[in-house]
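A quick write-up on the structure given underneath.
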Amino acid sequence: MDRSKYEKQFEANKHGWNLRTPVHLDSAMYNVEEWKKGGVSLKPVELTEVGSVEGKTVLHLLCHFGQDTLSWARLGAEVTGVDLSDEAIANARRLSDEIGVDGRFICCNVYDLPQHLDEQFDIVFCSFGVLGWLPELEPWAEIVAKYVKPGGFFYLADFHPIVWMLDEEFDFIKYPYHNAAVIETDNHGTYSDRDADIHYKEYGWNHSLSELMNSFLKQGMRIDFFNEHNYSPHNCFPKTVEGPEGQYKIKGLEDVIPLFFSIKCSKPA
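Under this note's numbering, the first residue of the sequence shown is numbered 744, with each subsequent residue one higher.
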């Protein structure tokens, strides 16, 4: 991949995440102060599908400010988190020190990770809001596969590509399903506080499920399961209605579209 083609977009996205991070840290959605007391921020689907991490090494890519990463550590894993945002990584390290939970955090673009890290892990983990920041999936899948130990696996839970086809108010189809071109938007606020006084431009890319799966199959990975879910475990979209146990759906589209998927890919021993 010619990384230089995307330098403008990467820098803009880094700036956007630097602005978002303080807002997220203070938001009710992340509820950091309560979490500091010993909680686990991971969602039930992640805990169930990943399984026990006791005594395992976990690499968390696009880890934001490390709340989920450190939650895996609280469950017995040795964790490493990676994120583009220096503001997010600084806060991840601060939180690790503050709560007394060990975690290693690396600030870099995920495409540059081989320049910063040379080891393998039992589990490579990503969740929610990952694929849209990646302009090309095949080079990313190659990097992911590099870090999975033989006999280990990669796990991803992310919002369904159908979600990203819809306009910002979920009223009509606005964007292509496949990666047709970069999507440029001017944003105000963030998903945890839509009225936050932050303004930034961001760039994203849509990816089909076939592109995702084929990218990992080309790396010799095996798809152990692929699941589609008709709710979001995060209340981060407009016009949501809450169902049982923190399951959020889009009003008027309940049980019509999937809102997220999860996939596990293992590397043969």
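We put the beta carbon where it would ideally sit given N, CA and C, even for glycine. Given the structure is predicted, the values throughout are model-derived calculations rather than measurements.
CB-CB length for P1003 against H903, believed under 8 Å
With the sequence shown as reference, residue 1003 is identified as Phe, and Pro is not the correct amino acid for it. Sure, about 5 Å apart at Cβ, within 8 Å.
Jot down the residue ranges of each uninterrupted alpha helix (DSSP H) in the region 923-991, minimum 4 residues, whole runs only, in chain order.
952-960
Keeping to the same chain, check which residues put their C-beta closer than 6 Å to that of V775; ignore five residues upstream and five downstream.
L768
Helix, strand or coil: which one does DSSP assign to E789?
helix
Got a sec? Which residues, its chain only, sit under 7 Å from H758 by beta carbon, not counting five neighbours each side?
Y943
Where do the N-terminal and C-terminal ends of the alpha helix (DSSP H) with R847 fall, by residue?
Element bounds for R847: not the alpha helix (DSSP H) but the beta strand (DSSP E), R847 to C850.
Could you tell me which uninterrupted beta strand (DSSP E) segments, each at least 3 residues in length, are contained entirely in the region 838-894, listed from first to last along the chain?
847-850 and 864-870
Assess contact between the region 893-901 and the region 824-841, defined as three or more Cβ pairs (one per stretch) separated by less than 8 Å. Is contact present?
no
Report back the beta-carbon spacing between L802 and S839 to the nearest angstrom; my notes put them in contact at under 8 Å.
So it is not a contact: roughly 16 Å between Cβ atoms.
Given a cut-off of 9 Å on the beta-carbon distance, is the pair E945 and N756 in contact?
yes
Per DSSP, what kind of secondary structure is K779 in: helix, strand or coil?
coil
Over the uninterrupted alpha helix (DSSP H) stretch that includes V766, give me the two end residues.
E750 to L768
Compute the beta-carbon to beta-carbon distance between E997 and Y991, rounded to the nearest angstrom, for a pair I have assumed lies under 8 Å.
Taking the Cβ atoms as the reference, E997 lies roughly 10 Å from Y991, outside the contact range of under 8 Å.
How about D811 and S870: are their beta carbons less than 9 Å apart?
yes
Under three-state DSSP, which class holds L813?
Here L813 carries a helix assignment [DSSP, helix/strand/coil].
Inspect the beta-carbon positions of Y890 and E911 and report whether they are closer than 9 Å.
no
Specify, as a first and last residue, the run of the beta strand (DSSP E) that D745 falls within.
Note, D745: premise wrong, no beta strand (DSSP E); not H, not E.
Check the C-beta distance from T800 over to D865 and give it rounded, since I have them as a contact under 8 Å.
About 5 Å separates the two Cβ atoms, so the contact holds.
Once the 5 residues before and after Q962 are set aside, which same chain residues still bring their CB inside 7 Å of it?
Result list for Q962: A884, E885 and A888, in chain order.
I1006, DSSP secondary structure in three states:
strand
Taking the beta strand (DSSP E) that G824 falls in, what are its first and last residues?
That run of the beta strand (DSSP E) goes E821 to D826.
Cβ distance (whole Å) where S784 is taken to contact L880 below 8 Å:
That belief does not hold up - the Cβ atoms of S784 and L880 are roughly 26 Å apart, past 8 Å.
Cβ neighbours of S935 in the same chain (closer than 6 Å, five flanking residues each side left out):
Within the same chain, H767, S770 and M772 come within 6 Å of S935 by CB-CB distance, once the 5 residues on both sides are set aside.
Short of 8 Å in beta carbon distance, which residues of its chain neighbour M908, apart from the five on each side in sequence? Order them along the chain.
I916, K917, Y918, P919, Y920 and N949
Exposed unless 16 or more other CB atoms sit within 10 angstroms - verdict on L960:
exposed
Could you check what DSSP says for A771 in three-state terms: helix, strand or coil?
coil
Best match in G809, L874 and V867 for proximity to R847 [C-alpha to C-alpha]
The residue among G809, L874 and V867 with its C-alpha nearest the C-alpha of R847 is G809.
Which residue from S1009, F753 and A833 puts its Cα closest to that of I1020?
In the structure as shown, the chain begins at 744 and stops at 1012. Residue 1020 is therefore absent and cannot be evaluated.
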